[in-house]
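Visitor:
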DNA sequence: AGGCAAAAGATACAATATATCATTCACAGA
DNA sequence: TCTGTGAATGATATATTGTATCTTTTGCCT
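Protein chains in written order, with this note's numbering: chain A, 83 to 240; chain B, 83 to 240.
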């Protein structure tokens, strides 16, 4: 890797390492392109769209990266649990704990666009149970809450 | 209908009537165009995209209806609780009981695309509570579950 | 009828997502 | 080393979803 971008925190590096390990354990290849996209995704302050990432990576590598390549890689990331799609934002976030399987609850701020997340297995379990009770199987819950985050709500009085 | 209390289930004409009443009570105009779109939406077997509805209504009226008009009307429907957006399908469904405020749980079948829904105030309340605990306000929960519906799972043995 | 505001039409365009085929690359086996 | 194979990526086109802006029409009120 030996990256020249020194403003990366150690936390970021170790996340990439953990991601790589989990990824390879899942039988996938950790290629330079995938590493670039993972870095772009984990460096983003907000959920990033595939097009955002395509642009970021295009700049950082100097080579044009097309959206469809990004989509392909994001799909692999999502199925390997390295990233997650935020449905109500049409965007993606890294999974900071690629080793744990959780149904995340995402909290999406309407005004700043940032996303927080909560892992509450009891809550997501209740959602799963409700879906099963309705005859659904092979469940993939999407639990998100739009609203105003604490920071944005302060100055906002709305 | 046996259910004289709780959630009145409206169908066909009476649903449109109930919707119109609720809509006008909210201070909105029930125009012919809006009635057309509501009819198209409530006649759809699956969640309908704005473009689906535009095409349906274009055919049923003989006049070309542009997507942006449909979007505008859907937005009004959603804010008046006559319809809901299914985030993970980029589509809309009618609200069968426009008089009650609920955080619906949508169940979206991967293979047939149909959507079921569950109202579980305790469940959605728990989601709201978790978001509030994280400092969020002005909440609009999105609780959806992708999976296989009972019908599709049968022939599928996946 | 006349005037106003809401609604709808027309058009253009931006953003998101997928489909298809070609090219590159790593690697196994002759 | 050569080559066949499959995975990954590139290139390109196109489909789908969503907004912005301006004009025209419609419904409502006096």
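C-beta atoms are modelled at their ideal positions from N, C-alpha and C, and glycine is treated no differently.
Against chain A, which members of the stretch 170 to 187 of chain B pass a CB distance test of less than 7 Å?
Guide: Answer in chain order: 170 and 187.
Visitor: Let me see if you follow: with CB-CB separation under 7 Å, is residue 200 of chain B close to chain A or not?
Guide: The residue labelled residue 200 of chain B in the question sits at position 118 within the second chain. Yes, its Cβ sits closer than 7 Å to a Cβ of chain A.
Visitor: Relative to the C-alpha of residue 151 of chain A, which residue among A:160, A:132, A:166 and A:143 is closest?
Guide: Within the first chain, numbered from 1, the residue matching residue 151 of chain A stands at position 69. Closest option to residue 151 of chain A, Cα to Cα, is A:132.
Visitor: Taking Cβ-Cβ distances shorter than 7 Å, what residues in chain A pair up with residue 207 of chain B?
Guide: For the purposes of this step, residue 207 of chain B is taken as the residue at position 125 of the second chain. Result: empty, since nearest Cβ-Cβ is about 11 Å, beyond 7 Å.
Visitor: Please tell me whether residue 154 of chain B has its Cβ less than 7 Å away from any Cβ of chain A.
Guide: The residue you call residue 154 of chain B lines up with position 72 of the second chain. No, because no Cβ of chain A sits closer than 7 Å to the Cβ of residue 154 of chain B.
Visitor: Any Cβ of chain A within less than 7 Å of the Cβ of residue 221 of chain B?
Guide: Taking the first residue of the second chain as position 1, residue 221 of chain B is located at position 139. Yes, its Cβ sits closer than 7 Å to a Cβ of chain A.
Visitor: DSSP state of residue 180 of chain A, grouped into three classes?
Guide: The residue given as residue 180 of chain A occupies position 98 in the first chain. In the structure shown, residue 180 of chain A sits in coil (DSSP, three-state: anything other than H, G, I, E or B).
Visitor: Quick one, which of A:174, A:161, A:148 and A:112 has its alpha-carbon nearest residue 125 of chain A's?
Guide: Counted from its first residue, the first chain places residue 125 of chain A at position 43. Checking every option, the nearest Cα to that of residue 125 of chain A belongs to A:174.
Visitor: With residue 165 of chain B as the anchor, note down where its alpha helix (DSSP H) starts and where it stops.
Guide: As a working mapping, residue 165 of chain B is identified with position 83 in the second chain. Run containing residue 165 of chain B: none in the alpha helix (DSSP H); it sits in the beta strand (DSSP E), 165 to 168.
Visitor: At what residues does the beta strand (DSSP E) containing residue 147 of chain B begin and finish?
Guide: Residue mapping note: residue 147 of chain B aligns to position 65 of the second chain, counting from 1. Per DSSP, residue 147 of chain B belongs to no beta strand (DSSP E) and is neither H nor E.
Visitor: Taking residue 224 of chain B as the reference, give the member of B:205, B:235, B:114 and B:153 with the closest Cα.
Guide: To locate residue 224 of chain B, count along the second chain from 1; it is residue 142. Comparing Cα positions, the closest option is B:205.
Visitor: Of all the options A:217, A:200, A:142 and A:158, which has the alpha carbon lying nearest to the alpha carbon of residue 214 of chain B?
Guide: Taking the second chain and counting its residues from 1, one reaches residue 214 of chain B at position 132. Checking every option, the nearest Cα to that of residue 214 of chain B belongs to A:200.
Visitor: Can you tell me whether residue 211 of chain A is buried or exposed, with buried defined as 16 or more other CB within 10 angstroms of its CB?
Guide: If you number the first chain from 1, residue 211 of chain A lands on position 129. Looking at its Cβ environment, which holds fewer than 16 other Cβ atoms inside 10 Å, residue 211 of chain A is exposed.
Visitor: Starting from residue 203 of chain A and walking both ways along the alpha helix (DSSP H), at which residues does that stretch end?
Guide: Within the first chain, residue 203 of chain A is the residue found at index 121, counting from 1. Start and end: 203 to 215.
Visitor: Rounded to whole angstroms, what's the CA-CA distance from residue 146 of chain A to residue 111 of chain A? Just pull it up for me.
Guide: For this step, residue 146 of chain A is matched to residue 64 along the first chain. For this step, residue 111 of chain A is matched to residue 29 along the first chain. Roughly 21 Å separates the two Cα atoms.
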